[in-house]
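Novice: Please read through the structure below; I'll follow up with questions.
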Amino acid sequence: PTVLVLNGPNLNMLGLRQPEIYGRESLKDIEKACAEKAKALGLALDFRQSNLEGELITWAQEARGTKAGIVINPAGYGHTSIALLDALLVTELPVIEVHLSNIHRREPFRHHTYTSQAATGVICGLGATGYLMALEAMANLIKTKKA
Ligand code: DQA
Numbered sequence: 007p008t009v010l011v012l013n014g015p016n017l018n019m020l021g022l023r024q025p026e027i028y029g030r031e032s033l034k035d036i037e038k039a040c041a042e043k044a045k046a047l048g049l050a051l052d053f054r055q056s057n058l059e060g061e062l063i064t065w066a067q068e069a070r071g072t073k074a075g076i077v078i079n080p081a082g083y084g085h086t087s088i089a090l091l092d093a094l095l096v097t098e099l100p101v102i103e104v105h106l107s108n109i110h111r112r113e114p115f116r117h118h119t120y121t122s123q124a125a126t127g128v129i130c131g132l133g134a135t136g137y138l139m140a141l142e143a144m145a146n147l148i149k150t151k152k153a
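All you need for the UniProt record's numbering is the position in the sequence shown, starting with 1, plus 6.
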């Protein structure tokens with residue numbers, strides 16, 4: 007089973023971008039850690055990032071019937087994009103939403119995400135570790151779905 011990990015806008019700047027909020031790890035570092043974790047869980051990993059809303063939507067659509075689940079950090083689009091929410095619902099796949107920062111401890115406009123409406127669970131505030139926890143939870147969701 008392959009898990010699609012989708013990363014939204016500005017996450018390509020991780021490490022450089024407000025490191026006091028988002029940490030010093032680059033997206034490449036997070037991808038490496040995810041690849042190791044996925045391997046240990048017996049999952050294949052498809053790890054992607056885009057700054058374009060439409061590209062994220064197309065990738066989500068393509069996951070329908072081809073991927074086992076989606077871990078998504080929608081970044082800013084989580085707070086704005088009904089279209090990205092709709093695309094996640096189209097997939098009919100288990101979805102876990104991740105945010106590096108604790109969005110509930112920040113500005114009020116970050117407290118709500120449209121995309122979480124499609125998610126089985128949401129992990130926020132635990133930095134890159136959140137991605138690894140999401141993969142672990144996803145492995146369990148995929149297993150119990152099959153059983
Ligand atoms: C983020 C939180 C969002 O509010 C923000 O727009 C991001 C990153 C996070 O991982 O903490 O770009 O999703």
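Every residue gets a Cβ at the ideal spot worked out from N, C-alpha and C, and that includes glycine.
If you're wondering where the values come from, they're calculated on a predicted model, not measured in any experiment.
For residue 70 and residue 63, I'd like the C-alpha separation in whole angstroms.
Specialist: As a first step, residue 70 must be located in the sequence shown, where it is residue number 64. As a first step, residue 63 must be located in the sequence shown, where it is residue number 57. For residue 70 and residue 63, the distance between alpha carbons rounds to 11 Å.
Novice: DSSP state of residue 54, grouped into three classes?
Specialist: Here residue 54 corresponds to residue number 48 of the sequence shown, with the count starting at 1. Strand, per DSSP.
Novice: Mind checking whether residue 15 and residue 81 have CB atoms under 7 Å apart?
Specialist: Here residue 15 is taken as the residue at index 9 of the sequence shown, counted from 1. Here residue 81 is taken as the residue at index 75 of the sequence shown, counted from 1. Yes.
Novice: Anyone know if the C-beta pair for residue 33 and residue 55 falls short of 7 Å?
Specialist: As a position in the sequence shown, residue 33 is number 27, starting the count at 1. As a position in the sequence shown, residue 55 is number 49, starting the count at 1. In this structure, residue 55 lies closer than 7 Å to residue 33 by Cβ.
Novice: Quick check on DSSP: helix, strand or coil for residue 31?
Specialist: As a working mapping, residue 31 is identified with position 25 in the sequence shown. Three-state DSSP puts residue 31 in coil, outside helix and strand.
Novice: Excluding the 5 residues flanking residue 3 on each side, which residues of the same chain have their C-beta closer than 7 Å to its C-beta?
Specialist: It is not possible to answer for residue 3, since the shown part of the chain is limited to 7 through 153.
Novice: Can you tell which of 61, 74, 59 and 79 has its C-alpha closest to the C-alpha of residue 37?
Specialist: Within the sequence shown, the letter at position 31 stands for residue 37. Comparing Cα positions, the closest option is 79.
Novice: Restricting to Cα atoms, I'd like to know which of 138, 44, 84 and 72 is closest to residue 123.
Specialist: Within the sequence shown, numbered from 1, the residue matching residue 123 stands at position 117. Checked all of 138, 44, 84 and 72; the closest Cα to residue 123 is 84.
Novice: Excluding the 5 residues preceding and the 5 following residue 133 in the sequence, name in chain order all residues of the same chain whose CB lies nearer than 7 Å to its CB.
Specialist: Along the sequence shown, one-based indexing puts residue 133 at 127. Closer than 7 Å at Cβ, skipping near neighbours: 29 and 106.
Novice: Taking residue 35 as the reference, give the member of 17, 66, 93 and 147 with the closest Cα.
Specialist: For this step, residue 35 is matched to residue 29 along the sequence shown. The option with the nearest alpha carbon to residue 35 is 17.
Novice: Under the three-state reduction of DSSP, which class applies to residue 8: helix, strand or coil?
Specialist: The sequence position of residue 8 within the sequence shown is 2, counting from 1. If DSSP states are grouped into helix, strand and coil, residue 8 belongs with the strands.
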